[in-house]
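See structure below.
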Ligand SMILES: C=C(O[C@@H]1C=C(C(=O)O)C=C[C@H]1O)C(=O)O
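Residue numbers (full-length UniProt numbering): 1 to 101.
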């Protein structure tokens, strides 16, 4: 166990945390890489869908933003705490075209 695999002061052996072998860590990292690519794919699709809805609404003379829908999105990520709020805000901002350019 070294700083790369466990950065906490208490070694997992003594803290009761599960211990992963180097092989397991390599496999878990592959899973993280796959998860990140899936998350990126889904975020890109979300941006597309959000922008399509926004453009259609504005073309029909509506508003760019629908606050009650955005409140629902924020509520969905509340279980992740303050980081969840930031994540939801980033998703909403991406749909508005402020980020990702
Ligand atoms: C996608 C919509 O348009 C905007 C974008 C939203 C989103 O990205 O979740 C939510 C509400 C709207 O501000 C919608 O009205 O559903």
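No residue lacks a Cβ here, since even glycine has one placed at the ideal position from N, Cα and C.
So, are the CB atoms of residue i and residue j less than 8 angstroms apart?
i: residue 87; j: residue 77; result: yes
i: residue 54; j: residue 45; result: no
Give the C-beta separation of residue i and residue j to the nearest angstrom, bearing in mind that I take them to be a contact with Cβ-Cβ under 8 angstroms.
i: residue 85; j: residue 74; result: 6 angstroms
i: residue 47; j: residue 95; result: 6 angstroms
i: residue 51; j: residue 97; result: 7 angstroms
Taking the alpha carbon of residue i as the reference point, which residue from the options has its own alpha carbon closest?
i: residue 70; options: 89, 26, 60, 79; result: 89
Relative to ligand 1, what is the chain-ordered list of residues with a Cβ closer than 6 angstroms to any of its non-hydrogen atoms?
-> 50, 53, 54, 65, 66, 69, 70, 73, 92, 95
Within the segment 24-101, note down every full alpha helix (DSSP H) run reaching 4 residues or more, in order along the chain.
-> 67-76, 82-96
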